[in-house]
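Written out as structure tokens, the structure is:
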């Protein structure tokens with residue numbers, strides 16, 4: 250019985266070690282892929298696979314996937330009813346990557362849990378161009394005012410994340426901003442900087458006119 254108990258403990262420790270190695274390998278792979286993406290962006294080599302994309306569907310998919318990753322956070326979405334569909338011309342995988350990154354950040358920087366809310370609405374720019382607005386809001390640690398203007402720079406991390414348990418190399422938001430730029434979109438952040446009041450990231454994309462989208466689908 251003692252031998253069986255020792256063997257079980259040994260196997261358990263081995264399993265823990267393998268899990269740790271697997272996690273570290275996954276993190277290293279993500280870092281390598283991130284640097285490859287940055288290199289492609291800097292060289293203008295990141296190609297987009299453009300197609301008609303329904304942002305509302307992507308939001309619902311991301312909410313469903315990320316809701317299983319944390320029991321402390323309530324991830325929800327609000328889609329404002331509009332006559333026009335939430336359709337853009339974009340790269341489906343890249344747009345999903347953007348939204349996933351923002352939601353994961355909201356979870357990571359809300360260590361005590363709370364709501365993470367994704368909202369979709371439509372509007373117009375000053376030149377009359379129709380746009381779609383997507384916002385991701387949380388009730389986490391917030392972002393200091395002095396850090397907000399630099400948040401989308403390469404390798405920048407807000408000072409209130411230093412020394413915390415959150416990990417990052419300061420490239421995620423840079424990649425998000427650059428991919429949006431390639432789509433003709435923008436991104437901004439709002440935060441009081443007060444712990445518990447959280448942050449709101451809002452990005453915009455040019456809306457695809459319904460008659461154009463319909464023609465594209467027919468083609």
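Numbering (my numbering), first residue to last: 250 to 468. Just so you know, even glycine gets a beta-carbon here, dropped at the ideal spot from N, CA and C. Note that this is a predicted model, so its numbers are computed, not measured.
Around the CB of residue 315, 16 or more other CB atoms lie within 10 Å, so the residue is classed as buried. A distance of 8 Å or more separates the beta carbons of residue 453 and residue 392. By the criterion of at least three beta-carbon pairs nearer than 8 Å, the region 350–369 is in contact with the region 301–311.
Annotation for residue 355: no beta strand (DSSP E) segment contains it, though the alpha helix (DSSP H) segment containing it runs 341–357. In the DSSP annotation of this structure, residue 431 is not part of any beta strand (DSSP E); the continuous alpha helix (DSSP H) holding it starts and ends at 421–431. From the listed residues 280, 365, 404, 418, the smallest Cα separation to residue 326 is found for 365. Under the three-pair Cβ rule at 8 Å, the region 287–294 does not count as touching the region 342–355. In this structure, the CA atom of residue 387 is about 31 Å from the CA atom of residue 458. Judged by DSSP secondary structure, residue 328 falls within the beta strand (DSSP E) whose first and last residues are 322–328.
In the DSSP assignment, residue 306 falls within the alpha helix (DSSP H) that extends over 304–315. The shortest C-alpha to C-alpha distance from residue 377 to any of 357, 455, 437, 310 is the one to 455.
Between residue 293 and residue 322, the C-beta spacing is not below 8 Å.
Relative to the Cα of residue 310, the nearest Cα in the group 296, 301, 348 belongs to 348.
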